[in-house]
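Encoded as structure tokens, the structure appears first; notes follow it.
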Amino acid sequence: MLAQLKALSTSGGKSEPWFSLWSALAHQGDVYSASFAAVPHVINVLATAPHTVEAVFFQFPAWVEICRKKTGVAVPKDLTASYFEALSRLPALVAAASSREWSEEFLQCALSAIAAAKGAAEVAEAVQEMSESVAGEFLEWFYEH
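Structural data, given as structure tokens:
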């Protein structure tokens, strides 16, 4: 499945193998050693064309890190270096994608990836839900309190 990702860098994140990857590696907030092993591969594909990949290439690694923090699952020792090194690349890859047009979904995923890479899992998760309308509602609530 991971080998198929390179061909999907511009074809949309809703098709295979993404559906199977999400189902197997980050389903309903559960993450596994295979989830941590997959993240560097996803980010390596992302790094080949950050200006053309779909938002899911930023979203998937962010979601794995969000789930890791929420569940307290430890990254296996043999994957620790590659997993965290890959996550650390996300902010620069977001910057590399900055010259392209961003949809609302891409913005959410890119910002989430930065937050996850910097250890702010709750912010990363919130940003994934922060559409324009949700942001407006949040600001209205925030200024009223």
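Residues -2 to 142 in my numbering are what the sequence shown spells out, letter by letter. C-beta atoms are modelled at their ideal positions from N, C-alpha and C, and glycine is treated no differently.
Report task. Measure from the alpha carbon of VAL72 to the alpha carbon of each residue in ALA35, PHE54, GLU98, then state which is nearest. Result -> ALA35
Query raised in the report: So GLU126 is in the alpha helix (DSSP H); what residue range does that whole segment cover?
Result: 118 to 126
Query raised in the report: For the candidate residues VAL70, THR68, LEU43, GLU137, whose alpha-carbon lies nearest to that of CYS106?
Result: A check of alpha carbon separations from CYS106 across VAL70, THR68, LEU43, GLU137 identifies LEU43 as the nearest.
Query - For SER128 and GLU101, the rounded distance between their alpha carbons - result: 7 Å
**Report entry** ILE40 beta carbon less than 9 Å from that of LEU84
**Finding:** yes
Query raised in the report: Can you tell me where the alpha helix (DSSP H) with PRO14 in it begins and where it stops?
Result: Careful: PRO14 lies outside any alpha helix (DSSP H) and carries neither H nor E.
Query raised in the report: Terminal residues of the continuous alpha helix (DSSP H) containing GLN56?
Result: 53 to 68
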